[in-house]
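**Q**
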Amino acid sequence: MALIGSSSLWGFRLVIGVLLGFVVIASLLDSADGSLKRKFHTHNHNKTREPESSFAFQALHFIWQPKMLGYTHVWPAMKFGWKIVVGTVIGFFGSAFGSVGGVGGGGIFVPMLTLIIGFDAKSSTAISKCMIMGGAGATVYFNLRQRHPTLDLPIIDYDLALLFQPMLVLGISIGVAFNVIFADWMVTVLLIILFLGTSTRAFLKGLETWKKETMLRKEAARRLEPNGSSTEEADYTPLPGAPATAPPEEPIKKVSIVENVCWKETGILFGVWVAILALEIGKNYVTTCSVAYWALNLLQIPVAFGASGFQAVNLYKGRRVIASKGDEGTDWKVRQLVLYCAFGILAGMVGGLLGLGGGFILGPLFLELGIPPQVASATATFAMTFSSSMSVVEYYLLKRFPVPYAAYFTAVALVAALVGQHIVRKLIIILRRASLIIFILAFMIFVSAISLGGVGIKDMVEDIEEKAYMGFENICTYKD
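Each residue of the sequence shown is one higher than the one before, starting from -16 at the first, in this note's numbering.
Next up, the structure:
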């Protein structure tokens, strides 16, 4: 108990110190930057409407009016005040918990940036991606020195990442385009349905893991109590996803970063990232919806499918295995591999569309595959580093966020992720409960569903009351 108390007190002091540091930085940025406020206006709405007799035509007219592109970007002035302070605190804890759960924290960032700081929804999505990138990068750096909880392997499963990450990056490109096209109410409906389902499933998985951990601890205790006289708690044989059982005073096994990186797989992933990023940059130098524009979009497909397909074939033929699953990671069927690649694209689309990390889909999916919680979180975050940085570059080229705000909140997320990883990993060792990661994952997804869903419903009601255009945007004529 003394160890837990001292660790918690140390962690609390560290969090308070870091938060105060960011408040000071925010005040300095305020004095240096002055103010930054930009509003972009698009076409004025045409108020005249002619009555239509067909209900179907009216419905089509509601969701698609090519000349009605009424979105307005709002970038508030960056000045020190209660909004910056509250936003820093929320962003800090969102990144700390999100990095541990492997979900990034975008479900917390977007409402904070919209409701408290004052950005419009799409600008909030772009800045959220910057924060996710900062938190994911810091988490990957932390994990590069960690090892698998029960096997002599890196905690990041590079073979699993190579199967999913190319599909994730391809999905991000699609999701960013959908972010322009889809109306906010459509995104809200999708978000609520998806997140409530995944959070419920993750919570049930956490309960299942908790019960198994409890049973193993009781069995280990009984083995050390043949006469029923011992009351001392015993170590237990860990689940595949449980933390190591070494006593707290023994250091966790660490190796150098060079030893913990699978360079071949990482090189392939980086190559995919560079290739798709180059295609995305090329799209900015051609006319939207031209032949060259669609050709650059379509060229991303063979790049992503080539890398993931190569890994899928190796897994199917047994040349590669998902080592973090142990012996279970050697038997793969074609339909499984196709389904998992499809989930990778879906995760990327959700990430690009909502401004969230693909970990909201990949994290629960990895757990369903039987991946240990620590490995699932680390691998999902590793994949998110590529996907989120891709989105950041794309949003930057589209000039979708103010750089000073993005830089500040990215720094907040980066430091928070390091603090969160350090504290929670210590708690897992002390409590010997790897299921803590799963509960954090479920909590973050559920809170994101409530916060983002609530904001979306509020905006939808306001749009209905103001009789605003609530249909699709035309990507060929859309301008920021």
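Virtual Cβ for every residue (Gly too), placed ideally from N, Cα, C.
Note that the structure is predicted; figures quoted are calculated from it, not measured.
Please determine if the segment 143 to 157 and the segment 252 to 262 are in contact, where contact requires at least 3 C-beta pairs separated by less than 8 angstroms.
**A** Cβ pair count under 8 angstroms is three or more, so yes.
**Q** Against chain C, with Cβ distances strictly below 9 angstroms, would Val296 count as a contact?
**A** Absent from the structure: chain C. Only one protein chain is present.
**Q** Jot down the residue ranges of each uninterrupted alpha helix (DSSP H) in the segment 277 to 352, minimum 4 residues, whole runs only, in chain order.
**A** The segment 277 to 352 contains these whole alpha helix (DSSP H) runs: 283 to 300, 317 to 337, 342 to 351.
**Q** Grab me the residues of Ser331's own chain with a C-beta within less than 8 angstroms of its C-beta, minus the 5 sequence neighbours each way, in chain order.
**A** Here residue 331 corresponds to residue number 348 of the sequence shown, with the count starting at 1. According to the sequence shown, residue 331 is Gly rather than Ser. Contacts found: Met150, Leu151, Val152, Leu153, Gly154, Ile155, Ser156, Ile157, Gly158, Gly341, Ser370.
**Q** For Arg383, count neighbouring C-beta atoms within 10 Å of its own C-beta (all shown protein chains included) and say buried if the count is 16 or more, exposed if not.
**A** Working through the sequence shown from its first residue, we reach residue 383 at position 400. Answer is buried; the Cβ neighbour count reaches 16.
**Q** Just how far apart, CA to CA, sit Glu456 and Asn162?
**A** On the sequence shown, residue 456 is found 473 positions in, with the first residue counted as 1. On the sequence shown, residue 162 is found 179 positions in, with the first residue counted as 1. C-alpha separation (whole angstroms): 9 angstroms.
**Q** Among the residues of its own chain, which have a CB less than 8 angstroms from the CB of Ala144, if the five just before and after it don't count?
**A** Position 161 of the sequence shown, counted from the start, is the residue given in the question as residue 144. So the list reads Glu248, Leu252, Thr362, Phe365, Ala366, once near-sequence residues are dropped.
**Q** Taking the alpha carbon of Ala257 as the point to measure from, which residue in Ala287, Cys245, Trp65, Gly117 has its own alpha carbon closest?
**A** Taking the sequence shown and counting its residues from 1, the one referred to as residue 257 is at position 274. The displayed chain sequence assigns Val, not Ala, to residue 257. Comparing Cα-Cα distances from Val257 to each of Ala287, Cys245, Trp65, Gly117, the minimum goes to Ala287.
**Q** Compare the beta carbon distance of Ser418 and Glu196 with 9 angstroms and say whether it is the shorter of the two.
**A** The residue you call residue 418 lines up with position 435 of the sequence shown. The residue you call residue 196 lines up with position 213 of the sequence shown. Yes. Within cutoff.
**Q** Which class does His131 belong to by DSSP, given the choice of helix, strand or coil?
**A** For the purposes of this step, residue 131 is taken as residue 148 along the sequence shown, with counting starting at 1. It is coil, neither helix nor strand.
**Q** Keeping to the same chain, check which residues put their C-beta closer than 7 angstroms to that of Thr171; ignore five residues upstream and five downstream.
**A** Working through the sequence shown from its first residue, we reach residue 171 at position 188. Result list for Thr171: Gly436, Gly439, Ile440, Met443, in chain order.
**Q** May I have the straight-line CA-CA distance separating Leu96 from Lys300, to the nearest angstrom?
**A** Numbered from its first residue, the sequence shown carries residue 96 at position 113. Numbered from its first residue, the sequence shown carries residue 300 at position 317. Cα to Cα, the separation comes out at about 47 angstroms.
**Q** By Cβ distance below 6 angstroms, which residues in the same chain neighbour Ile115 in space, the five residues on each side in sequence not counted?
**A** What you label residue 115 is simply residue 132 of the sequence shown in a count that begins at 1. Closer than 6 angstroms at Cβ, skipping near neighbours: Gly87, Gly89, Gly340, Ser371.
**Q** Just to confirm before moving on: does the CB-CB distance between Val83 and Ser111 stay below 9 angstroms?
**A** On the sequence shown, position 100 is the one that residue 83 refers to. On the sequence shown, position 128 is the one that residue 111 refers to. Result no, Cβ atoms of Val83 and Ser111 do not sit closer than 9 angstroms.
**Q** Within 10 Å of its beta-carbon, does Thr71 have 16 or more other beta-carbons around it, so buried, or fewer, so exposed?
**A** Position 88 of the sequence shown, counting from 1, holds the residue named residue 71. Buried, since its Cβ has 16 or more Cβ neighbours within 10 Å.
**Q** What does a CB cutoff of less than 7 angstroms around Val123 pick up in its chain, not counting 5 residues either side in sequence?
**A** Start at 1 with the first residue of the sequence shown, and residue 123 comes out as number 140. Only Thr364, Phe365, Thr368 meet the Cβ criterion.
**Q** Mind checking whether Trp65 and Phe102 have CB atoms under 9 angstroms apart?
**A** If you number the sequence shown from 1, residue 65 lands on position 82. If you number the sequence shown from 1, residue 102 lands on position 119. Not in contact: Trp65 and Phe102 (Cβ atoms no closer than 9 angstroms).
**Q** Does Pro59 come out as helix, strand or coil in the three-state DSSP assignment?
**A** Counting from one through the sequence shown, the residue named residue 59 turns up at place 76. Coil, per DSSP.
**Q** If you draw a straight line from the C-alpha of Leu98 to the C-alpha of Gly180, how long is it?
**A** Here the question's residue 98 lines up with position 115 in the sequence shown. Here the question's residue 180 lines up with position 197 in the sequence shown. So the alpha carbons of these two residues sit roughly 25 angstroms apart.
**Q** Alpha carbon to alpha carbon, what distance is there between Gly335 and Met169?
**A** In the sequence shown, counting from the first residue as 1, residue 169 sits at position 186. In the sequence shown, counting from the first residue as 1, residue 335 sits at position 352. Going from the Cα of Met169 to the Cα of Gly335 covers about 14 angstroms.
**Q** Would you call the CB atoms of Leu320 and Leu348 closer than 9 angstroms?
**A** Locating residue 320 in the sequence shown gives position 337, where the first residue counts as 1. Locating residue 348 in the sequence shown gives position 365, where the first residue counts as 1. Cβ distance not < 9 angstroms, so Leu320 and Leu348 don't count as in contact.
**Q** Based on DSSP bridge pairs, tell me the residues matched to Pro137.
**A** Your numbering for residue 137 matches position 154 in the sequence shown. In the DSSP output, where bridge partners are listed per residue, Pro137 has Arg130.
**Q** Could you name each continuous alpha helix (DSSP H) segment of 4 residues or more that falls completely within the segment 160 to 195, going from the start of the chain to the end?
**A** Qualifying alpha helix (DSSP H) stretches: none in this window.
**Q** State whether the segment 387 to 400 contacts the segment 272 to 281, with contact taken as three or more CB pairs (one from each stretch) at a distance under 8 angstroms.
**A** No, the segment 387 to 400 is not in contact with the segment 272 to 281.
**Q** Quick one: what's got a C-beta closer than 6 angstroms to Phe422's C-beta in the same chain, skipping five residues either side?
**A** As a first step, residue 422 is located in the sequence shown; it is residue number 439 there, counting from the start. Gly189, listed in sequence order.
**Q** In terms of residues, what are the limits of the alpha helix (DSSP H) holding Lys409?
**A** What you label residue 409 is simply residue 426 of the sequence shown in a count that begins at 1. Segment 386 to 414, the alpha helix (DSSP H) holding Lys409.
**Q** With a threshold of 6 angstroms on Cβ separation, who are the neighbours of Trp246 within its own chain once the five nearest residues in sequence on each side are excluded?
**A** Start at 1 with the first residue of the sequence shown, and residue 246 comes out as number 263. Nothing meets the Cβ criterion.
**Q** Determine the burial state of Met61: buried for a count of at least 16 other Cβ atoms within 10 Å of its Cβ, exposed for fewer.
**A** Here the question's residue 61 lines up with position 78 in the sequence shown. Under this definition Met61 is a buried residue.
**Q** Does the beta-carbon distance from Ala396 to Ala104 come in below 9 angstroms?
**A** For the purposes of this step, residue 396 is taken as the residue at position 413 of the sequence shown. For the purposes of this step, residue 104 is taken as the residue at position 121 of the sequence shown. Not in contact: Ala396 and Ala104 (Cβ atoms no closer than 9 angstroms).
**Q** How is Arg206 classed by DSSP in three states: helix, strand or coil?
**A** Mapped onto the sequence shown, residue 206 falls at position 223. Helix at Arg206.
**Q** So, are the CB atoms of Lys308 and Leu352 less than 9 angstroms apart?
**A** What you label residue 308 is simply residue 325 of the sequence shown in a count that begins at 1. What you label residue 352 is simply residue 369 of the sequence shown in a count that begins at 1. Closer than 9 angstroms, so yes.
**Q** With the cut-off set at 9 angstroms, would you say Phe186 and Ala432 are in Cβ contact?
**A** In the sequence shown, the residue the question calls residue 186 occupies position 203. In the sequence shown, the residue the question calls residue 432 occupies position 449. Result no, Cβ atoms of Phe186 and Ala432 do not sit closer than 9 angstroms.
**Q** By the three-class DSSP mapping on this structure, what secondary structure does Leu381 have?
**A** Here residue 381 is taken as the residue at index 398 of the sequence shown, counted from 1. Leu381: coil per DSSP, three-state reduction.
**Q** Taking 8 angstroms as the limit between beta carbons, can you name the residues of its chain near Ile458, skipping five residues before and five after?
**A** Along the sequence shown, read from residue 1 onward, the residue named residue 458 stands at position 475. The answer, listed in chain order, is Ala160, Val163, Ile164, Thr271, Cys272.
**Q** Looking only at its chain, what residues have a beta carbon closer than 6 angstroms to the beta carbon of Ser10, apart from the 5 residues adjacent to it on each side?
**A** Within the sequence shown, the letter at position 27 stands for residue 10. For Ser10, the predicted model reports a pLDDT of 49, less than 50, meaning its position is unreliable and no value from the coordinates is stated.
**Q** For Met373, which residues in the same chain have their Cβ closer than 8 angstroms to its Cβ, ignoring the five residues on either side in sequence?
**A** Mapped onto the sequence shown, residue 373 falls at position 390. Correct list, in chain order: Val152, Ile155, Ser156, Trp256, Ile259, Leu260, Glu263.
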